Amino acid sequence: MLRHLLLFSAIACYSFASFASIDPVKTLEPASEHALTNRAVVHHLYQHHYSRKYLNDEFSEKVYKRYLDILDNTRSYFTASDIKEFEATRLTLDDAIKTNDLDPAFLIYNRYRQRAIERLDYALALIDQGIVNFDFTKNESLDLDREKASWAKSSSDLDQLWRKRIKNTVLNLKLAGKKDPAIKELLTKRYDSQLNRIKQINSEDAFQSYMNAITYTFDPHTQYMSPRNSENFNINMSLSLQGIGAVLRSENENTIVERLVSGGPANKAGQLKPSDNIVGVAQDQKEMVDVIGWRLDEVVDLIRGPKDSTVRLSIVSGSGQTETHKIISIVRDEVKLEDRAAQSEILDIKRDDRSYKVGVIDIPAFYADFEAKNANDPNYRSTTRDVSKLIKGLQKDNIDGLIIDLRNNGGGSLAEVNNLVGLFIPQGPTVQVHYSFGHTQVLADKDPAQLFKGPLVVLTNRLSASASEIFAGAIQDYGRGLVVGSQTFGKGTVQTLIPLFRGQLKVTNAKFYRISGESTQHRGVIPDILYPEIYDTDKIGESALEEALPWDKIEPSKYKSETGIAKILPAVLKQHNKRIDNDPDFAYLNEQVVFLKELRGDTTISLNSKTRETERKAMESRRLGLENKRRIAKGLKPLKELTDDSDDESGDKEDKEKDSSQDALLHEGGEILVDFMLSEPSSSIVKLK
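Counted the way my numbering counts, the sequence shown spans residues 5 to 693.
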């Protein structure tokens, strides 16, 4: 889901007289139409949102806190005295919302804008004094996690915070090989750009921020979109979008990759990853534009461009002393249906003196060519149609079992997931949709035919969301197969778009429930056999979002579940654990998980250049040690240093076709499937042959 919630935030406030902005900035005031839009938004929230809220002091306090987070969630602009002044509105915003009074919201926003201008003036003055004035021999440190920090007591406290932040940026650039003149030029352009943008903010921007403080209080997927952002949203939802195929979000002053669109240019290029920070954008060979501090819609506009043109992105991955900087090139293109289509392959799993054929169907998304379907094209493409053909092809190859790979599948068509479940069960309900007005709709497979009756494994990870969770949950509830992998995303809500006379409202109006009655919201689907979690669940997943709707249960549907899996699961799990205890790839994954948790927990970074370099080398040495431990265990030659192609076990830098045997998680899924099949041959799960 796209989120255009944050404008700026991650800097601070103070006026530096010698470098203060000369041009006075006009105070923003609400327009008459904003009051009408406020009334319309609140009306539709109470008419259509899944949850019921009351306009009371508790609601007011939540809106107040969310509004401050939108504007300054790193406690870098406002001072404690500003917050004390705002306290009068903490418990009265509900009354202002009822009467369409926007003055309290605009008072806070104008103060934020004033403080941001002061902070940026200070930053420019500090840089103007010279990069050479930063002393990197002092033993100073900077706390990178300030979401729960205390508000600065004074402007001088913010000066110290900003001085350290700018010093950290300068040190990062120095360690990346940039010289002082280039650093000064880059940072001057960066803060000048941010200053110009903050001055260009208009009353519509202030109004949208406040409206989203209100909508987010209902849930994180409910959002007011101004006329401009409505246009961007509609473009992003259309099939003709020409871009890189990435969903972005704002976090503090940064543009973060939330997920990649399966089959999109970025996904196929393989260089951009979820959680990467986009710090610069360039058109083909033109100069790189620094986008730190830009609004999300402006970054999206810059990335978007004509088909077949090239966009270059400056990317920062990792955090603290382990940050890596790189520039990647992506050729813009439409996200074509065929690029998102399901694909198949066969794994050979050796067990004793026998080789088993395990079919694998990778489903990047639940798609359908609705235009061709509505035109009565008998050959229109869809997930279910494509998977049916692939299964029939695999059956001709005499596969012994099947893996449905839903890793990184962000969802899609609800009708398609219902139809796909139907390929694996005789007939029955597949999912329940409970609406805000109390009605529960049960989707079901009414076709008694069952295309595939053999052993089945569904592979998931943290990025398996929405329709993927419906499929995995249904297979698990029916006892039709094993779910293997990581806990899924937990996106179990449904949104609808409501057009307003100005902009539109995206509102959560329903929740998905499994046929067992359990929600997929917040908790997701818990696999029968868990893999190591490689994603940061504090940052990725529904449970990482404040105000996310809770997990709950409703009445189950009537369905018949097989009991075979419950009986054989302990034996299958025992075999899995025994196997991975000696598997170098799983040992590496587990050690990586521990390593990454340590890094995420250490949010304080040294501003001493020697200390920073020592820490960086220690981290690189540890990463190299973990990689070489894995390689040696697999009989491979150890590396002398880590490079971008270190994961290529052959050491050959040329592009090669993906070898599924190198995907340890997929291969183990095949091993589990064979265990599943052999644990109890007389069980209700029959072998295909």
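For each residue, glycine too, the CB sits at the ideal point set by N, CA and C.
Source: prediction; values computed, not measured.
| query | result |
| --- | --- |
| What whole-angstrom Cβ distance do THR464 and VAL421 have, given they're in contact under 8 Å? | At roughly 14 Å, the Cβ-Cβ gap does not stay under 8 Å, so THR464 and VAL421 are not in contact. |
| Which residue from SER64, ARG626, PRO459 and LYS564 puts its Cα closest to that of LEU600? | ARG626 |
| Does ARG56 pass the burial test, meaning 16 or more other C-beta atoms within 10 Å, or should it be called exposed? | exposed |
| Specify whether the region 266 to 274 and the region 363 to 373 touch according to this definition: at least 3 beta carbon pairs, one from each stretch, less than 8 Å apart. | yes |
| With H, G and I counted as helix, E and B as strand and the rest as coil, what does DSSP make of ARG316? | strand |
| Could you give the DSSP three-state label for GLU262: helix, strand or coil? | strand |
| Identify, in the order they occur along the chain, each residue of the same chain with its Cβ nearer than 8 Å to the Cβ of ARG702, setting aside the five sequence neighbours on each side. | Outside the modelled stretch of the chain, which goes from 5 to 693, sits residue 702, for which no answer is possible. |
| Does the count of Cβ pairs from the region 473 to 488 and the region 510 to 521 closer than 8 Å reach three? | yes |
| Can you look up ALA21 in the DSSP assignment and give me helix, strand or coil? | Here ALA21 scores only 31 on pLDDT, less than 50, and its place in the model is too uncertain to base an answer on. |
| State the start and end residues of the unbroken alpha helix (DSSP H) segment that holds ILE187. | 184 to 204 |
| Grouping DSSP H, G and I as helix and E and B as strand, with all else coil, what is HIS8? | Unreliable placement is indicated for HIS8, whose pLDDT of 31 sits below 50; the coordinate value is still reported in the next sentence. It is coil, neither helix nor strand. |
| Beta carbon of VAL446, beta carbon of SER565: below 8 Å? | no |
| If you compare alpha carbons, which of LYS168, SER468 and VAL597 is closest to ILE131? | LYS168 |
| Am I right that MET215 and LYS510 are in contact with their C-beta atoms under 8 Å? What's the rounded C-beta distance? | The pair is not a contact, with the Cβ atoms about 12 Å apart (cut-off 8 Å). |
| Would you call the CB atoms of LEU252 and VAL320 closer than 8 Å? | no |
| So ARG308 and GLY247 are in contact, right, with Cβ under 8 Å, and what is the actual spacing, rounded? | 5 Å |
| Along the chain, which unbroken stretches of the beta strand (DSSP E) at least 3 residues long are found entirely within the region 356 to 429? | 358 to 366 and 405 to 409 |
| Less than 8 Å between the C-beta atoms of ILE367 and ASP409, yes or no? | yes |
| Quick one: is SER318 buried, meaning 16 or more other Cβ sit within 10 Å of its Cβ, or exposed? | buried |
| Would you call the region 54 to 71 and the region 206 to 223 in contact, with 3 or more CB pairs under 8 Å? | yes |
| Pick out whichever of ARG616, GLU595 and LYS171 has its Cα sitting closest to the Cα of ASN632. | GLU595 |
| Exposed or buried, which one is GLU91 when buried takes at least 16 other CB atoms within 10 Å? | exposed |
| Applying the criterion that 16 or more other CB atoms from any shown protein chain within 10 Å of the CB defines a buried residue, is ILE331 buried or exposed? | exposed |
| Go ahead and pull the three-state DSSP assignment for ILE282. | strand |
| Whole angstroms is fine: what's the gap from VAL364's alpha carbon to PRO503's? | 42 Å |
| Measure the C-alpha to C-alpha separation of ARG484 and GLU550 and round it to an integer number of angstroms. | 34 Å |
| Mark ARG355 as exposed unless 16 or more other C-beta atoms lie within 10 angstroms of its C-beta, in which case mark it buried. | exposed |
| Can you give, in chain order, each stretch of the alpha helix (DSSP H) that sits fully within the region 110 to 186 and has at least 4 residues? | 159 to 179 |
| Could you round the C-beta distance between VAL391 and LEU424 to whole angstroms and report it? I think they count as a contact, below 8 Å. | 6 Å |
| In or out: HIS671 buried (at least 16 other Cβ within 10 Å) or exposed? | buried |
| When you compare only the Cα positions, how much space is there between LEU106 and ALA39? | 7 Å |
| Give the C-beta separation of VAL46 and ILE121 to the nearest angstrom, bearing in mind that I take them to be a contact with Cβ-Cβ under 8 Å. | Contact doesn't hold; Cβ gap of about 31 Å is too wide. |
| Considering just the uninterrupted stretch of the alpha helix (DSSP H) at ILE584, what are its terminal residues? | 568 to 584 |
| Write down the C-beta distance between GLY489 and ARG411 rounded to the nearest angstrom, noting that I regard them as a contact closer than 8 Å. | 7 Å |
| So, helix, strand or coil for MET292, using DSSP? | coil |
| Give the range of the beta strand (DSSP E) segment to which HIS38 is assigned. | Where HIS38 is concerned, there is no enclosing beta strand (DSSP E), although the alpha helix (DSSP H) it sits in stretches over 36 to 52. |
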